[in-house]
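Trainee: Chains as they are written, first to last, in our numbering: chain X, -7 to 110; chain E, 1020 to 1131.
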Amino acid sequence: GAVVSQHPSRVICKSGTSVKIECRSLDFQATTMFWYRQFPKKSLMLMATSNEGSKATYEQGVEKDKFLINHASLTLSTLTVTSAHPEDSSFYICSAIGSASGSTDTQYFGPGTRLTVL
Amino acid sequence: SQQGEEDPQALSIQEGENATMNCSYKTSINNLQWYRQNSGRGLVHLILIRSNEREKHSGRLRVTLDTSKKSSSLLITASRAADTASYFCATDAPGSNYKLTFGKGTLLTVNP
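#1: Can you tell me the Cα-Cα spacing of Lys58 of chain X and Ile1048 of chain E, whole angstroms?
#2: Please decide whether Asp19 of chain X counts as near chain E, where near means a Cβ-Cβ distance under 8 Å.
#3: Could you tell me how far apart the beta carbons of Thr98 of chain X and Gln1052 of chain E are, in whole angstroms, since I believe they sit closer than 8 Å?
#4: When the Cα atoms are used, what is the spatial distance from Cys1042 of chain E to Lys6 of chain X?
#5: My guess is that Glu1158 of chain E and Lys1123 of chain E are in contact by the Cβ rule of under 8 Å, so how many angstroms apart are they, rounded?
#6: Go through its chain and collect everything with a Cβ distance to Val54 of chain X's Cβ below 8 Å, but skip five positions before and after it.
#7: Cα separation between Arg1079 of chain E and Ala76 of chain X?
#8: Between Ser1020 of chain E and the rest of its own chain, which residues show a CB-CB distance below 8 Å, the 5 nearest in sequence each way excluded?
#9: Which residues in the same chain have their Cβ closer than 6 Å to the Cβ of Lys1075 of chain E, if we skip the five residues on either side of it in sequence?
#10: Could you have a look at Ala48 of chain X and say whether DSSP puts it in helix, strand or coil?
#11: Taking Ile85 of chain X as the query, report the chain E residues whose CB atoms sit under 8 Å from its CB, ordered along the chain.
#12: DSSP three-state call for Glu79 of chain X: helix, strand or coil?
#13: Give me the residue from X:Leu110, X:Val109 and X:Ser87 with the minimum Cα distance to Met37 of chain X.
#14: Measure how close the beta-carbons of Trp27 of chain X and Ser17 of chain X come, nearest whole angstrom, since I'm counting them as under 8 Å.
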């Protein structure tokens, strides 16, 4: 149990376009989802916390108008990178916590989405 | 901010040997978790240890936590080539609503 999926796994887009990434908890209801960004050979940096039915909470330095987060249901959160630029190229990973396996403390991570902006 | 620091940054061992990775953090925590990440992939949860626990085992994995020193260690016994990956520790602080702060990671290479 406790499977989190992401779609797409990789995307290449032109500069100026918007890209939507989906994060789904497949076998549990996620009360909270998190979005991270990871640069090559670096650690994960938390971008925002997403709770179902409410506005996302963004970390300092993360532009909320550029990285739009929607958490429409207990199993789906989306991250939209608006007007993407080459510097937005990165590996984006989501995680979810909920009632999976009886543990509400463990974060389960998706497989990540590799975004390349040309 | 990244409060976790893994040590060493890179570790190369032979198959069958044990691998020990350490993690230090700066603030008080609720839990400390260890994750594994294969290159270009997502994170796989290994073990969660709570602040009132000192040691936990899971298969070939052994995690210790010393809250007085604000440090944790991950021991992988009888390593296999398939254990080659990056290993991260992550902490969540009281009142943080489960927000994780990740360390920089240890790149473990197990040579066959």
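Using N, Cα and C, we set each Cβ at its ideal position, and we do this for glycine too.
Mentor: On the basis of the coordinates in this document:
#1: Locating residue 58 of chain X in the first sequence gives position 66, where the first residue counts as 1. Locating residue 1048 of chain E in the second sequence gives position 29, where the first residue counts as 1. Distance from the CA of Lys58 of chain X to the CA of Ile1048 of chain E, rounded to the nearest whole angstrom, comes to 31 Å.
#2: Stepping through the first sequence from its first residue, residue 19 of chain X is reached at position 27. Against chain E, the CB of Asp19 of chain X has no partner CB under 8 Å away; the residue lies outside that interface.
#3: Numbered from its first residue, the first sequence carries residue 98 of chain X at position 106. Numbered from its first residue, the second sequence carries residue 1052 of chain E at position 33. Yes, they are in contact, since the Cβ atoms of Thr98 of chain X and Gln1052 of chain E sit about 7 Å apart, within 8 Å.
#4: To locate residue 1042 of chain E, count along the second sequence from 1; it is residue 23. To locate residue 6 of chain X, count along the first sequence from 1; it is residue 14. The alpha-carbon separation between Cys1042 of chain E and Lys6 of chain X amounts to approximately 40 Å.
#5: No information on residue 1158 of chain E is available, as it lies outside the stretch 1020 to 1131 that chain E covers here.
#6: Locating residue 54 of chain X in the first sequence gives position 62, counting from the first residue. Cβ neighbours of Val54 of chain X beyond the five flanking positions: Met39 and Ala40.
#7: In the second sequence, counting from the first residue as 1, residue 1079 of chain E sits at position 60. In the first sequence, counting from the first residue as 1, residue 76 of chain X sits at position 84. Separation of Arg1079 of chain E and Ala76 of chain X (C-alpha to C-alpha, rounded to the nearest whole angstrom) is 43 Å.
#8: Indexing the second sequence from 1 puts residue 1020 of chain E at position 1. Confidence at Ser1020 of chain E is low in this model, with a pLDDT of 31, below 50, so the placement of that residue is unreliable and no value is reported for it.
#9: What you label residue 1075 of chain E is simply residue 56 of the second sequence in a count that begins at 1. So the qualifying residues of the chain are Ile1066, Ile1068 and Val1082.
#10: For the purposes of this step, residue 48 of chain X is taken as the residue at position 56 of the first sequence. Coil at Ala48 of chain X, not helix or strand.
#11: Translated into the one-based positions of the first sequence, residue 85 of chain X becomes position 93. Against chain E, the beta carbon of Ile85 of chain X has neighbours under 8 Å at Gly1061 and Leu1062, listed in chain order.
#12: For the purposes of this step, residue 79 of chain X is taken as the residue at position 87 of the first sequence. In this structure, Glu79 of chain X counts as helix in the three-state DSSP scheme.
#13: By 1-based counting over the first sequence, the position of residue 37 of chain X is 45. Out of X:Leu110, X:Val109 and X:Ser87, X:Ser87 has the C-alpha closest to the C-alpha of Met37 of chain X.
#14: Looking up residue 27 of chain X in the first sequence gives position 35. Looking up residue 17 of chain X in the first sequence gives position 25. Contact doesn't hold; Cβ gap of about 14 Å is too wide.
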